[in-house]
Amino acid sequence: MIPWYIAAALLSICGGIMDNVSTARGMQTIKEVELSGQKVNVFEANHNLPERPTVKDIYGIKKTTVDSIYLISGIIFPPMGIILGVLRMGLAGLNEMTRRDIEKLIK
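Below, the structure is given as structure tokens:
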């Protein structure tokens with residue numbers, strides 16, 4: 105059986121990766137739509153990132169530090185790591201749904 109702290113760390117890491125990748129993809133899609141001449145009123149709600157983050161912002165030192173703190177706290181307090189991981193996976197899903205809706209504007 106997998107120890108709780110390892111399960112929490114894995115969920116925290118997977119949730120973080122999914123959230124970061126979906127945010128980067130969403131911002132890229134928004135740029136493509138805006139280049140086609142349409143206006144999109146979508147912004148990043150994470151207070152650790154600018155309103156329209158670039159890939160450099162998403163994988164930058166500030167965001168990576170916050171993600172590392174989430175990971176360490178998830179290892180020390182496994183239930184918190186599990187909750188954060190699942191929550192970030194859910195946010196990644198919302199990002200993807202929004203990205204797909206925006207992507208329909210170009211087609």
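Going by my numbering, the sequence shown opens with residue 105, and the numbers climb by one from there.
Ideal Cβ positions, reconstructed from N, Cα and C, are used throughout, including at glycine.
All values reported here derive from a predicted model rather than from experimental measurement.
Cβ separation of residue i and residue j, assumed to be a contact under 8 Å, to the nearest whole Å
i      : j      : result
Ala113 : Ile179 : 5 Å
Leu195 : Tyr174 : 13 Å between Cβ atoms; not a contact.
Val125 : Ile206 : Val125 to Ile206, Cβ: 16 Å. No contact.
Leu209 : Gln142 : 5 Å
Tyr109 : Pro182 : 5 Å
Gly119 : Met201 : That belief does not hold up - the Cβ atoms of Gly119 and Met201 are roughly 17 Å apart, past 8 Å.
Option nearest residue i by Cα separation, candidates the options
i      : options                        : result
Ile162 : Phe181, Asp123, Ser116, Lys143 : Asp123
Leu153 : Gln132, Lys208, Thr127, Ile210 : Thr127
Ala149 : Phe181, Asn199, Asp171         : Asn199
Ile121 : Ile210, Arg156, Glu155, Val170 : Val170
Val146 : Gly197, Gly130, Ile176         : Gly130
4-residue-minimum alpha helix (DSSP H) runs that sit fully inside the stretch 108-183, ordered along the chain: 108-139, 159-162, 165-180
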